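Student: Structure incoming, see below.
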Amino acid sequence: MNKKLPSFKNRLQASLGFGFMLMLFCQASLAQQISGKVISDDGEALPGVNVLIEGTTTGASTDGDGKFVLNVNDPNAVLVFSFIGYTTERRTVGNQTTINITLTADLQKLAEVVVVGYGVQKKVNLTAAVATISAEDLVSRQSPNTISLLQGRTPGLQVVQNSGQPGLENNDIRIRGQSTFSNAGNNPLILIDGVEGRMDLLNPNMIADISVLKDAASAAVYGSRAANGVILVTTKKGKEGRLNIDYSYTYSSMKPSMKVDRVTNAVEYMELMNKAIDHSGKQPTWYYTPEMIQPYRDNPNSAQYPSYDWTDALIRTAPMHKHFLSLSGGKGGTTFNAGLGILDETGMLLATGYKRYDAQINFKTELSKFVTFGSDISIARGKRTDTAITAGSTIADLIDFNSSEDQMLSAYAAPPVATPWLPDGSGRFTAYAYPNHGGNKNPIAIATDGGGKRADNTYLLFSPYLNFKILPGLTADVRGAFKFQEEMIKALIVSSYGNEFFPDANGVYKANASVWNGGTNSLAQRNARENQYTAYATLRYDKTFAGGHHFTGMVGYQQENYRYDRLEAYRTKLPSKTLWDLFAGAAAAQSTSSNSYEWATQSVFGRINYDYKDKYLVEFSFRDDASSRFPSDNRMAFFPSVSAGWRLTQESFMSNVSWMDELKLRGSWGQLGNQNIGNYPYQNSLSISSEGTEQLDYNFGGTIAQGVSKRTTNNTKIKWETTSVADIGLDFSLFHSKVFGSVDWYEKRTSDILRALQVPDHMGLRAPTINDGIMKNTGWEFILGHKNQIGKFGYSISANLETYKNTLVRYGNREIVGTNIRQEGLPFNEYYLLVQDGVYQNQAEIDNGPTPSYTSGLLPKPGDLKFKDISGPDGVPDGRVDLTYDRVPVKGAFPKFNYGFNVTATYGSFDLTVFIQGVYGRKTFVKDWGVSPFNQAAAPPSWWATKAWDGEGTSNTIPAVYVDSQYTPNNQNSTFWLGNSSYLRIKNVQLGYTLPAAWSQKVKMQHLRVFASGDNLYTFTKFFKGLDPERAAQPIPSTASSFGNQFNSTSTSVPTRAAIFPQPTIYSFGVRATF
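Residues -31 to -1, 1 to 1044 in mature numbering (1 follows the signal peptide of the UniProt record, and there is no 0) are what the sequence shown lists, from first letter to last.
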């Protein structure tokens, strides 16, 4: 029986194989072979045309002669012919065996419109520098903050995410560099559906497209609000037809993209600490004795003698959930699109998190054939949690202090010789292991048992509008908007206690007197509200005259009113760490404060466009602004612009250049203003003394009366900062849009910059604000792309690059601010540093070298940094190194290039996107946590300490380790601390699969797609190991509030702290279904 089985199996396999081949033969004999040729409308064969059987993944592509062959089983099948740059054609097979197709150029491309100020324009007729970002570019990434999604998408737009803290990413946005050094700020105006709004609270799934207005010609109609450029966001609108239901869910797992590399081996740490103490000449009482070190050698990584990395306990892998549901459709002249989003983000840092509900509701209805009414509504409700640490006892200390950053620094400062919890397993917290750790905090105790910070934010943007069709070509639009924001922040500071890490002789872990977060429970609360009303009306006329002359004109009026109110209160001596209400505190120990301000603007604006046969293009626009922030004599300002374009491909001499689809030369010039100069800067103002903080009170007959004082000299002549922008650009498209790109040169010059008058220190009053500064940016922008379809395989590759030079043209007397210099002819805040010239190897080098005069009496030793003698009083080296003559400007504060690179590929139902972004030629000064050795005496040193000088000849680049920032021979502001912060970061990779339409329709769906993606996957950089080079050159932001502009940092100083809340690496899986 067993012997016959193989023979039976062989016969069975042969029979099945024959049957299968017979089925294939029968099927092939029944299949209908279709052949044909595809040509363009000018008679040229088109290779690479995609020929697909509709509803399937079966298809073919044309060869080099435009020919194709395809087998079709169903005579009712429809063949779809598609090719980039041409219209798509469909043909039913029927009984045909030959199908020849002529594809025509896609004229819709010529009709493609771009959103511009107060309207739209045909893309081919644009004469200004306007960049567009598609919705598809945004939704591929999974950042919880929509603004972050703009990064690297177009040249000239720089976006830096300063933090990974949930709900407070603190993005800085620049369009064509820094425009001003005043507190007027550099962030652009962001408009959502025509009115100012919060893009960070807008769900990216509701965005239809984004326009970036980069020059004055495109932004002049926004006048005083547009000095830093404009970002126009258009949300998705409904279309008439069936009801569409769209749902998507994404699960993400987040971990830090960078981690500061510190010495975490206990024995190595203690031995390095002893070397640093010796080199710095500190007291021997700081030493780790051999008796302290030996148990760590004998019992490595034990509970009592650990080698512990505190950041591992503070930072965790965190989940993020995102849900989105939208309904859209319309009938009988009424359309709608409503979207609801839920974001639930657990912070990577203990005790941090953010949850947000957002909704966008867009509605439009035709009241008659002449009148249309609509409204756009944005709503968001957010709740953010954080730790609470205070640097003082005022309300500002409690609410504004950057708690999350301090938590990170506390983890960096914690020596690896102890853990956050006692080794006895009781769960009690550790205060410190050795006396020289006494100043450290326990960040784990603070995060889990130290109170916290809660911020609740409510946001509403309601914008109704009317459109009137008055006469053929004449329309009017009226839009109003109400923006409301309210935020309540509570900071509960709870006293936390700890125990000494080592037990006494009786085995008792002694309770220590160290207290974190102050000596008593305290609560601070801030309620802030802003209301902004906007109304504008436009009248538009569009007319084409005989002979190809086309005119469009627009004129409008706008008014804005803004008010901000804030109330704060503080009480202490709360009896419980769980009470979050002020009434629980002691009334005898309380304080209150408040603040309010308002401003208003009135504007008239207009634009005229003329084109002759879509060939010669001219545009003039203007805005006449009035702002309450200026004195009455200088309250109004006029901002004009003019631009022109020449579409060379419309000329007869280009008619035979068939491979050139579009070639347009354009140029523009215009002026913009900046009214973000603060409130009441030209008025006399008085400071009111607060109890315990001012010495202004008066004693009248034994009664203390509150005093006031004038603190600042006012200037009633201040006026607008004015930015002038010139731009020359070239746009091109080749080979039926397979190759496309643009080149722009620009000069952006801001004059009359507001600054404090330079006066002697003994003046007494603060100096008045004056208009006396000029800053210039000159740069180039490049875009180059290629796209193609080869059978089932389609791809698109695009790259963008920007380079610019910043120059401080007028500033007055030079100023040295820490590590930076502000001097005419140099970039703003150019580094100003001593130049490292190696490391002293022996005493002879010190004796024979230039005399240091920067050490405050502490002479350098072998192993200390050596600096160059650059100059002296006579302009030549004088044998001394001092801070007056030997610091020099050092380039690197501004990058040489910003760039982005995007690849998209599709094959059948699969799609892949890769997005890369980077910066080249930037340097960042960092001399603080994460870099300096033994910062604040006990913090574990960074990676370079293990490569430090340790005897003659061991290193000529890295000095000997030392303790604390008071060791002046090495702690000078020098090029040693200047890191190369250029980087290339793989921002996003996404792989998706879309279910074929025939399959999805079987389960009653229009569309079903699943995907996996990764964000911030890897960073190539030579920056200080473990520090994020992307964030490195930005001001340290306040994390008090997620509110609007009044909390944004306007600091122009470059920080030395880069070890902060890290950006996340995000791994995501998601699904999207349309019904």
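Backbone N, C-alpha and C define an ideal beta-carbon position, used for all residues, glycine too.
No experiment lies behind these values; they were computed from the predicted model shown.
1) In whole angstroms, what separates the C-alpha of GLY781 from that of ASN746?
2) So which of SER297, ILE68, ASP919, THR61 has the shortest CA-CA distance to ASN45?
3) Per DSSP, LEU492 forms a beta bridge with which residues?
4) Is it the case that the Cβ atoms of PRO433 and SER297 are separated by a distance below 8 Å?
5) Compute the Euclidean distance between the alpha carbons of PHE863 and LEU336, then round it to the nearest angstrom.
6) Going by the DSSP bridge assignment, what does SER590 pair with across the sheet?
7) If distances are taken between C-alpha atoms only, which option among SER372, MET242, LYS896, PRO600 comes closest to GLY420?
8) Quick one: residues in its chain with C-beta nearer than 7 Å to the C-beta of LEU655, no 5 flanking neighbours on either side, listed in chain order?
9) When the Cα atoms are used, what is the spatial distance from residue 1055 to GLY17?
10) Rounded to whole angstroms, what is the Cα-Cα separation between LYS844 and THR788?
11) Got a sec? Which residues, its chain only, sit under 7 Å from ASN769 by beta carbon, not counting five neighbours each side?
12) Quick one: which unbroken alpha helix (DSSP H) runs of 4-plus residues sit fully inside the region 382 to 427? Chain order, please.
13) Considering just the uninterrupted stretch of the beta strand (DSSP E) at MET261, what are its terminal residues?
14) Rounded to the nearest angstrom, how far is the Cβ of ALA282 from that of PRO389, given a contact under 8 Å?
15) Does the region 527 to 543 touch the region 576 to 587, meaning 3 or more C-beta pairs lie closer than 8 Å?
16) So what does DSSP say about THR618, is it helix, strand or coil?
17) The beta strand (DSSP E) with SER765 in it runs from where to where?
18) Alpha carbons only, please: which of LYS916, ASP997, ALA906 is nearest the one belonging to ASN949?
19) Determine the direct distance from the alpha carbon of ASP215 to that of ARG1041, and round the result to whole angstroms.
20) Does DSSP put LYS92 in a helix, in a strand, or in coil?
21) Is it true that the region 624 to 634 meets the region 592 to 610, where meeting means three or more beta-carbon pairs spaced less than 8 Å apart?
22) Tell me the DSSP secondary structure of TRP689 in three-state form.
23) What is the DSSP secondary structure of LYS916, reduced to helix, strand or coil?
24) Using only the alpha-carbon positions, how far apart do GLY250 and PHE993 sit?
25) From GLN619 to GLY748, what distance separates their C-alpha atoms?
26) Assign PRO1024 to one of two classes, buried (16 or more other C-beta atoms within 10 Å of its C-beta) or exposed (fewer than that).
27) Smallest Cα separation from VAL7: which of VAL41, VAL232, ASN69, ARG635?
28) Would the beta-carbon of GLN1032 fall within 8 Å of that of SER226?
29) Would the region 565 to 576 count as touching the region 585 to 599 if we require 3 or more Cβ pairs under 8 Å?
30) Does the structure place the region 138 to 146 close enough to the region 316 to 329 that three or more beta carbon pairs sit under 8 Å?
31) Looking at the secondary structure, which residues open and close the alpha helix (DSSP H) in which ASN817 lies?
32) Would you report the Cα separation of GLU105 and ILE176, rounded to the nearest angstrom?
33) May I have the straight-line CA-CA distance separating ALA981 from ILE413, to the nearest angstrom?
34) Determine the contact status of ARG423 and THR356, defining contact as a CB-CB distance below 8 Å.
35) Check each candidate in THR873, TYR889, PHE520, MET744 and name the one with the smallest Cα separation from VAL694.
36) Just verifying my parser: in three-state terms, what is the DSSP assignment at ASN648?
Tutor: With the structure as the only source:
1) 19 Å
2) THR61
3) LEU461, ARG540
4) The answer is no: Cβ separation not under 8 Å.
5) So the two alpha carbons sit approximately 54 Å from each other.
6) ARG576, SER610
7) SER372
8) The residues are VAL677, SER678, LYS679.
9) Given that the chain is displayed from residue -31 to residue 1044, the structure contains no residue 1055 and the question cannot be resolved.
10) The sequence given here places Gly at residue 844; Lys does not occur at that position. Roughly 22 Å between the two C-alpha positions.
11) If we look at ASN769 and ignore the five residues flanking it on each side, its Cβ neighbours are THR123, PRO124, PHE751, ILE752, TYR868, GLY869.
12) 412 to 418
13) Unbroken run through MET261 is the alpha helix (DSSP H), 259 to 267; no beta strand (DSSP E).
14) 6 Å
15) no
16) helix
17) 762 to 779
18) ASP997
19) 7 Å
20) Here LYS92 carries a helix assignment [DSSP, helix/strand/coil].
21) no
22) In the structure shown, the three-state DSSP call for TRP689 is coil.
23) Looking at LYS916 - three-state DSSP - the assignment turns out to be helix.
24) 27 Å
25) 29 Å
26) Note that PRO1024 has pLDDT 44, beneath the 50 cutoff, so the model's placement of it is unreliable and the number below is only indicative. Answer is buried; the Cβ neighbour count reaches 16.
27) ASN69
28) Here GLN1032 is near SER226, since their CB atoms are less than 8 Å apart.
29) Proximity of the region 565 to 576 to the region 585 to 599 meets the contact definition, three or more beta-carbon pairs being nearer than 8 Å.
30) no
31) 812 to 817
32) 9 Å
33) 33 Å
34) no
35) Ranking THR873, TYR889, PHE520, MET744 by Cα distance to VAL694 puts MET744 first.
36) The answer is coil: DSSP assigns ASN648 none of H, G, I, E or B.
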